[in-house]
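Protein chains in written order, with this note's numbering: chain A, 249 to 345; chain B, 10 to 539.
Cβ atoms here follow ideal geometry from the backbone N, Cα and C, with glycine treated the same way.
These figures come from a predicted structure and were not determined experimentally.
Here's the structure we're looking at; comments come further down.
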């Protein structure tokens with residue numbers, strides 16, 4: 249099989265990280281059905297949300313808070329864990345308000 | 010960093026739990042599993058006012074089950090690794106239940122060097138924390154820390170978790186009470202004697218105070234039934250009577266022979282040839298622990314004591330039962346003469362409203378109800394089964410084809426003509442094999458996507474791919490205010506989405522993702538002009 253380029257690997261890591269963050273409540277899923285409508289023309293805040301979510305995960309997990317999808321963060325995401333989100337929906341509502 | 014209380018908590022402290030008889034672990038001994046789960050619950054019981062009683066019922070407050078991948082909730086497991094289990098916060102129906110991934114390598118007695126397996130006890134204690142209302146904690150080392158940490162052999166409930174559970178339910182009560190005996194009379198007057206026995210015949214002195222933890226919870230307070238006092242040896246002044254102001258009864262009522270020892274300590278050593286019988290304290294309401302006598306081979310258990318009364322849990326189950334066979338009306342004119350009714354499906358087709366109930370449907374256009382309606386559904390769509398009793402869901406696709414869901418099958422029509430290759434099973438759409446039927450379907454104009462609803466879950470369907478999208482199903486709670494097990498949903502020409510359940514409907518605000526009014530409005534007067 250052809251090896252993936254660095255950019256492809258990075259994109260793949262980011263996609264799976266995004267799924268992880270949404271599953272466990274770090275990225276808001278409260279309005280997923282309209283998410284693609286809101287995102288249009290607002291990619292900067294979309295990226296910011298991702299970095300903030302990564303930082304929140306790193307802080308919650310007790311690893312260095314860098315905001316980057318580094319090796320420690322990826323290792324944390326691979327660890328066995330509970331299936332419940334770390335942050336519940338009402339936390340998202342409170343943050344937005 | 011600290012524990013997090015989710016908000017929901019049990020209103021009663023005497024909780025019941027059960028290991029599901031239909032979803033047991035495939036690789037673990039059920040008896041041993043129950044033992045581990047009981048130990049895990051005991052951790053929380055020892056730190057709070059909660060008590061846990063095992064029952065043999067799928068209606069227990071905390072129902073523990075083992076499942077793989079998709080298992081009738083919106084949180085599928087992922088095979089071995091990563092997600093180990095999840096539990097639901099306190100509440101009715103599924104509230105409090107804990108699900109464990111049956112694909113994991115569960116260990117009942119993990120060793121320190123067991124790196125591959127997962128300690129069931131460690132995960133169970135964590136999940137039961139959720140069942141009691143605790144969310145995840147960011148404190149490393151806390152039980153409610155979301156990532157698996159294993160368990161130490163000398164496990165003690167961490168302070169963060171103890172603080173959390175006690176904030177919700179209070180600390181464990183200390184039922185120790187000192188007995189107050191205003192007029193004590195001994196059961197038997199000890200004989201007076203000038204001789205003494207050897208020390209080996211001196212009996213143990215029983216406690217006077219009524220202490221629940223001595224195993225006699227309903228001990229009567231009748232002083233005449235109290236055990237006979239035996240002298241203490243050596244003498245301890247007022248050691249057990251700190252909370253009473255009365256004089257020590259033995260000081261005044263007894264004249265035991267006194268023997269002075271070389272140490273000048275006074276020793277009371279009367280001779281009692283026998284110990285009187287202690288009365289048996291009836292404990293009629295003391296529950297028998299079913300685990301003591303339960304043989305390992307007998308599972309599931311059929312000899313469980315009757316479960317004490319608990320207030321009934323209300324509302325829905327996760328799995329919708331098969332609806333009973335509906336009686337067929339003999340003619341359309343025999344339909345109930347009442348507006349108090351519900352519908353099987355409602356759909357907007359070619360700009361006209363179609364309402365389906367039992368074997369019939371109504372068609373309502375710009376000028377009201379069409380003449381000749383209600384009409385049998387099979388007259389309009391003759392390719393449907395002749396013994397049709399009702400339809401489950403109907404919607405018009407973006408390509409103007411009409412999709413009708415009946416049980417586990419989808420019929421697709423171009424106007425009145427069944428398309429080749431249909432009916433198809435729901436599994437062809439990517440829906441799970443276990444899905445018995447859909448409740449409703451619609452194309453949501455806000456994003457142009459198709460949504461299927463069933464029970465507590467919904468799926469987003471890709472019309473181009475012909476399959477439901479990944480990351481589904483999701484919980485119907487996303488559509489705030491709409492209950493589970495709806496009857497129908499559609500978008501009206503005014504652009505609003507309407508959810509139907511029972512005899513009422515909700516108008517849904519698409520942007521806020523919640524119903525406009527929590528109270529349902531009756532369907533028949535508004536939509537049928539009844």
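Beta-carbon spacing of residue i, residue j below 8 Å
i	j	result
residue 93 of chain B	residue 113 of chain B	yes
residue 152 of chain B	residue 134 of chain B	yes
residue 25 of chain B	residue 83 of chain B	no
residue 402 of chain B	residue 449 of chain B	yes
residue 111 of chain B	residue 39 of chain B	no
residue 368 of chain B	residue 397 of chain B	yes
residue 370 of chain B	residue 332 of chain A	no
residue 513 of chain B	residue 529 of chain B	yes
residue 29 of chain B	residue 54 of chain B	no
residue 59 of chain B	residue 178 of chain B	yes
residue 460 of chain B	residue 447 of chain B	no
residue 99 of chain B	residue 141 of chain B	yes
residue 261 of chain A	residue 322 of chain A	yes
residue 379 of chain B	residue 364 of chain B	no
residue 108 of chain B	residue 330 of chain A	no
residue 325 of chain A	residue 268 of chain A	yes
Assigned exposure category for residue i - 16 Cβ within 10 Å defines buried
i	result
residue 521 of chain B	exposed
residue 238 of chain B	Residue placement at residue 238 of chain B is flagged as unreliable, the pLDDT there being 48, under the threshold of 50; a coordinate-derived value is accordingly withheld.
residue 165 of chain B	exposed
residue 566 of chain B	Since the first and last residues shown for chain B are 10 and 539, residue 566 of chain B lies out of range.
residue 327 of chain A	exposed
residue 304 of chain A	buried
residue 430 of chain B	exposed
residue 526 of chain B	exposed
residue 45 of chain B	buried
residue 148 of chain B	buried
residue 259 of chain A	exposed
residue 255 of chain A	exposed
residue 161 of chain B	exposed
residue 317 of chain A	buried
residue 180 of chain B	exposed
residue 539 of chain B	exposed
residue 404 of chain B	buried
residue 407 of chain B	exposed
residue 155 of chain B	buried
residue 486 of chain B	exposed
residue 366 of chain B	buried
residue 426 of chain B	exposed
Partners in chain B for residue i, counting only beta-carbon separations shorter than 7 Å
i	result
residue 327 of chain A	156 and 157
residue 334 of chain A	145 and 155
Proximal chain B residues relative to residue i, where beta-carbon distance stays under 8 Å
i	result
residue 322 of chain A	Result: empty, since nearest Cβ-Cβ is about 13 Å, beyond 8 Å.
Chain A residues whose Cβ lies nearer than 7 Å to that of residue i
i	result
residue 84 of chain B	331
residue 127 of chain B	328
residue 90 of chain B	328
residue 149 of chain B	310
residue 139 of chain B	332
Contact list for residue i against chain A, beta-carbon separation under 8 Å
i	result
residue 135 of chain B	330
residue 504 of chain B	By Cβ distance, chain A contributes nothing, its closest Cβ being about 14 Å from residue 504 of chain B, past 8 Å.
Under 9 Å by beta carbon: chain A residues contacting residue i
i	result
residue 360 of chain B	By Cβ distance, chain A contributes nothing, its closest Cβ being about 24 Å from residue 360 of chain B, past 9 Å.
residue 80 of chain B	Simply none; closest approach about 11 Å.
residue 526 of chain B	Under the 9 Å cutoff, chain A gives no residues; its nearest Cβ is about 20 Å from residue 526 of chain B.
_Interface positions of the segment 295-312 of chain A facing chain B (Cβ-Cβ less than 9 Å), listed along the chain_ = Listed by position, the residues of the segment 295-312 of chain A near chain B (Cβ gap below 9 Å) are 307, 308, 309 and 310.
*If contact means a Cβ-Cβ distance below 8 Å, which residues of the segment 93-104 of chain B contact chain A?*
Taking 8 Å as the Cβ-Cβ cut-off, the segment 93-104 of chain B approaches chain A at 93, 94, 95 and 96, given in chain order.
*asked:* Please list, in chain order, the residues of the segment 20-50 of chain B that have any C-beta partner in chain A closer than 9 Å.
replied: Of all residues in the segment 20-50 of chain B, none places a beta-carbon less than 9 Å from a beta-carbon of chain A.
*the segment 387-399 of chain B: which residues have C-beta closer than 7 Å to a C-beta of chain A, in chain order?*
For the segment 387-399 of chain B, the beta-carbon criterion of a distance under 7 Å to any beta-carbon of chain A is satisfied by none of its residues.
*In chain order, which continuous runs of the beta strand (DSSP E) of length 3 or greater are located wholly inside the segment 407-434 of chain B?*
At a cut-off of 3 residues, the continuous stretches assigned as beta strand (DSSP E) that sit fully inside the segment 407-434 of chain B are 411-415 and 418-423.
*In chain order, which alpha helix (DSSP H) runs of at least 4 residues are fully inside the segment 67-112 of chain B?*
As far as the segment 67-112 of chain B is concerned, it has no whole alpha helix (DSSP H) run of at least 4 residues.
*For the segment 367-379 of chain B, enumerate the residues whose C-beta is nearer than 8 Å to any C-beta of chain A, in chain order.*
The segment 367-379 of chain B vs chain A, Cβ under 8 Å: nothing.
_Just to confirm the assignment: which complete beta strand (DSSP E) runs, minimum length 3, are found wholly within the segment 363-404 of chain B?_
Whole beta strand (DSSP E) segments, 3+ residues: 369-374.
*Inside the segment 119-161 of chain B only - beta strand (DSSP E) runs reaching at least 3 residues*: The segment 119-161 of chain B contains no complete beta strand (DSSP E) run of 3 or more residues.
_beta strand (DSSP E) runs wholly inside the segment 465-490 of chain B, at least 3 long, in chain order_ = Considered as a whole, the segment 465-490 of chain B harbours 466-471 as its complete beta strand (DSSP E) runs of no fewer than 3 residues, in chain order.
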